[in-house]
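Undergrad: Chains as they are written, first to last, in the working numbering: chain L, 1 to 106; chain F, 1 to 174.
Glycine is no exception: its CB is placed at the ideal position from the N, C-alpha and C atoms.
Nothing here was measured: the structure is a model prediction, and the numbers come from that model.
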Amino acid sequence: MIPLSWYLIFSAALFCIGLYGVLSRKNSVAILMGVELMLNSCTINLLAFWHYYAQVRQAPQMSPLVFAAIIFAVAAAETAVGLALIISAYRKRQNIIASDLDELKG
Amino acid sequence: MTTLQIVFLIIAAITLVSACLVVMTRKIMHAALWLVLSLMGVAMVYATLQSGFYAVVQVLVYIGAISTLIIFAVMMTRNVMEDVGPQSNRGWGLALVGSLILFAGTSAILLTWDKAQTVLQEIPAVNGENIQMLGLALVDPMGFLIPFEVASVLLLAALVAAIFLTADIKRSRS
């Protein structure tokens with residue numbers, strides 16, 4: 001079967017790709033896409049360790065599954081608020097380039 | 001190499017290539033569609049971890065809801081970023097180097113850590129993903145009732161905030 005390190009390295013690669021997207025993109029929506037990739041890689045990590053502990057301890061493990069469920073809820077909330085902020089900025093400035101949105105005044 | 005390993009490698013390759021296209025492609029709409037493929041690959045990785053419930057939740061929440069929201073936002077704000085011209089900022093080289101260093105460091109640690117070399121066997125269904133036990137743990141005061149409630153309050157707050165930010169209150173009053 002599959003070694004644990006394959007999952008962990010896969011999720012590290014996904015995280016780094018998402019990090020590059022967050023740091024390098026100009027468009028705010030593309031930055032949010034990078035954040036989605038990073039959150040997904042965290043969930044892969046959690047579920048891989050869930051499988052590992054259920055195998056090592058020979059007992060059902062619930063905590064990693066609850067963590068994964070909470071990451072899903074946080075991801076949904078983050079996307080909804082992030083896109084609402086982007087649409088609100090677009091209405092006021094007609095601009096969603098992240099480096100141009102540098103004033104706090106509305 | 002077993003069949004499952006080959007399947008995992010194919011899924012991982014598809015996911016990583018489409019994730020690279022998400023962060024590098026010029027047209028933002030294409031990036032959103034590549035993101036859908038990448039999320040689908042992650043759902044298949046959950047399935048290889050014997051976590052069928054989270055694979056379904058991934059398809060429902062990410063592909064069904066979140067990517068729809070993202071595509072909606074892309075279509076609403078389309079005319080701002082024309083699809084020609086640079087899509088990345090000046091510091092992209094530094095970002096690339098930083099991400100690569102982080103990946104190299106993490107992989108070096110993971111390859112030398114002996115516990116990470118454990119081969120994941122098939123776990124019996126009793127110890128596996130038991131949805132009934134997960135549901136009971138979420139409403140058990142000794143279990144995860146408080147995190148569950150905090151997550152629902154967070155979702156409610158996000159709902160209110162999203163409506164407040166997008167609704168044009170001043171214009172609708174006058």
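Which value, in whole angstroms, describes the spacing of the CA atoms of Val74/L and Leu159/F?
TA: Here residue 74/L corresponds to residue number 74 of the first sequence, with the count starting at 1. Here residue 159/F corresponds to residue number 159 of the second sequence, with the count starting at 1. In a straight line, the C-alpha of Val74/L is about 12 Å away from that of Leu159/F.
Undergrad: If the criterion is Cβ atoms closer than 7 Å, does the pair Val29/L and Val97/F meet it?
TA: The sequence position of residue 29/L within the first sequence is 29, counting from 1. The sequence position of residue 97/F within the second sequence is 97, counting from 1. Taking 7 Å as the Cβ cut-off, Val29/L and Val97/F do not qualify as a contacting pair.
Undergrad: By a C-beta neighbour count over all protein chains shown, 10 Å radius and 16 as the cutoff for buried, is Thr3/F buried or exposed?
TA: Sequence index remark: in the second sequence, residue 3/F carries index 3 (1-based). Residue environment for Thr3/F: exposed (fewer than 16 other C-beta atoms within 10 angstroms of its C-beta).
Undergrad: Buried or exposed: where does Met1/L fall if 16 or more other Cβ atoms within 10 Å of its Cβ makes it buried?
TA: Mapped onto the first sequence, residue 1/L falls at position 1. It is exposed - the Cβ of Met1/L has fewer than 16 other Cβ atoms within 10 Å.
Undergrad: Could you tell me the distance, in whole angstroms, from the CA atom of Trp92/F to the CA atom of Leu16/F?
TA: Here residue 92/F refers to the residue found at position 92 of the second sequence. Here residue 16/F refers to the residue found at position 16 of the second sequence. Those two C-alpha atoms are separated by around 19 Å.
Undergrad: Between Lys92/L and chain F, is the shortest Cβ-Cβ distance under 7 Å, so that the two count as touching?
TA: On the first sequence, position 92 is the one that residue 92/L refers to. Taking Cβ atoms only, chain F never reaches closer than 7 Å to Lys92/L, which makes this a no.
Undergrad: Does the beta carbon of Tyr53/L come closer than 7 Å to any beta carbon on chain F?
TA: One-based indexing of the first sequence puts residue 53/L at position 53. Closer than 7 Å: no.
Undergrad: Alpha carbon to alpha carbon, what distance is there between Phe49/L and Ala116/F?
TA: Residue 116/F sits at position 116 when you count from the first residue of the second sequence. Residue 49/L sits at position 49 when you count from the first residue of the first sequence. Using only the alpha carbons, I get a separation of about 10 Å.
Undergrad: Are Val66/L and Phe144/F closer than 7 Å when you measure CB to CB?
TA: As a position in the first sequence, residue 66/L is number 66, starting the count at 1. As a position in the second sequence, residue 144/F is number 144, starting the count at 1. Contact annotation: Val66/L and Phe144/F have beta-carbon atoms nearer than 7 Å.
Undergrad: So, is the C-beta of Ile123/F closer than 7 Å to a C-beta in chain L?
TA: The sequence position of residue 123/F within the second sequence is 123, counting from 1. Closer than 7 Å to some Cβ of chain L, the Cβ of Ile123/F qualifies, so yes.
Undergrad: Looking only at its chain, what residues have a beta carbon closer than 7 Å to the beta carbon of Ala77/L, apart from the 5 residues adjacent to it on each side?
TA: As a position in the first sequence, residue 77/L is number 77, starting the count at 1. No residues qualify anywhere along the chain.
Undergrad: Using alpha carbons as the reference points, say which of Cys42/L, Arg57/L, Ile31/L and Tyr7/L lies closest to Pro124/F.
TA: Mapped onto the second sequence, residue 124/F falls at position 124. It is Arg57/L whose Cα lies nearest to the Cα of Pro124/F.
Undergrad: Restricting to Cα atoms, I'd like to know which of Ala12/F, Ile70/F, Met76/F and Thr77/F is closest to Thr79/L.
TA: Along the first sequence, read from residue 1 onward, the residue named residue 79/L stands at position 79. Comparing Cα-Cα distances from Thr79/L to each of Ala12/F, Ile70/F, Met76/F and Thr77/F, the minimum goes to Ile70/F.
Undergrad: Give me the chain L residues within the contact set of Pro147/F, using Cβ-Cβ distance strictly less than 8 Å, ordered along the chain.
TA: One-based indexing of the second sequence puts residue 147/F at position 147. Against chain L, the beta carbon of Pro147/F has neighbours under 8 Å at Val66 and Ile70, listed in chain order.
Undergrad: Under 8 Å, with one C-beta from each stretch per pair, do the stretch 41 to 59 of chain F and the stretch 20 to 33 of chain F reach the 3-pair mark?
TA: no
Undergrad: Ile70/F touches chain L at which residues, Cβ-Cβ below 9 Å?
TA: For the purposes of this step, residue 70/F is taken as residue 70 along the second sequence, with counting starting at 1. Within chain L, the residues near Ile70/F are Val29, Leu32, Met33, Glu36, Thr79 and Leu83.
Undergrad: Any contact between the stretch 24 to 38 of chain L and the stretch 80 to 90 of chain L? By contact I mean 3 or more CB pairs, one from each, below 8 Å.
TA: yes
Undergrad: Please look up how many angstroms separate the CB atoms of Leu46/L and Ala68/L, rounded, as I've assumed it's under 8 Å.
TA: If you number the first sequence from 1, residue 46/L lands on position 46. If you number the first sequence from 1, residue 68/L lands on position 68. Leu46/L to Ala68/L, Cβ: 5 Å. Contact.
Undergrad: So with CB distances below 7 Å, who are the chain L contacts of Ala158/F?
TA: Stepping through the second sequence from its first residue, residue 158/F is reached at position 158. Those are Ala77, Ala80 and Val81, listed as they occur along chain L.
Undergrad: Is the beta carbon of Leu8/L less than 7 Å from the beta carbon of Tyr52/L?
TA: Locating residue 8/L in the first sequence gives position 8, where the first residue counts as 1. Locating residue 52/L in the first sequence gives position 52, where the first residue counts as 1. Their beta carbons are not under 7 Å apart, which means Leu8/L does not touch Tyr52/L by this criterion.
Undergrad: Taking the straight line between their C-alpha atoms, what separation do you get for Gly34/L and Gln5/F?
TA: One-based indexing of the first sequence puts residue 34/L at position 34. One-based indexing of the second sequence puts residue 5/F at position 5. Using only the alpha carbons, I get a separation of about 27 Å.
Undergrad: Check whether the Cβ atoms of Leu14/L and Leu37/L sit closer than 7 Å, and answer yes or no.
TA: Numbered from 1 along the first sequence, position 14 holds the residue referred to as residue 14/L. Numbered from 1 along the first sequence, position 37 holds the residue referred to as residue 37/L. In this structure, Leu37/L lies closer than 7 Å to Leu14/L by Cβ.
Undergrad: Could you tell me which of Ile11/F, Val57/F, Ser51/F and Arg26/F sits nearest to Leu37/F, measuring between CA atoms?
TA: For the purposes of this step, residue 37/F is taken as the residue at position 37 of the second sequence. If you compare the alpha carbons of Ile11/F, Val57/F, Ser51/F and Arg26/F with that of Leu37/F, the shortest gap goes to Ile11/F.
Undergrad: Grab the span of the alpha helix (DSSP H) containing Trp92/F for me, first residue to last.
TA: Along the second sequence, one-based indexing puts residue 92/F at 92. Its alpha helix (DSSP H) spans residues Trp92 to Thr112.
Undergrad: Please list, in chain order, the chain L residues whose beta carbon lies closer than 7 Å to that of Gln50/F.
TA: Residue mapping note: residue 50/F aligns to position 50 of the second sequence, counting from 1. In chain order: His51.
Undergrad: Going by Cα to Cα distance, which pick from Tyr20/L, Pro60/L and Ser11/L is closest to Ala137/F?
TA: The residue given as residue 137/F occupies position 137 in the second sequence. When only C-alpha atoms are compared, the closest one is Pro60/L.
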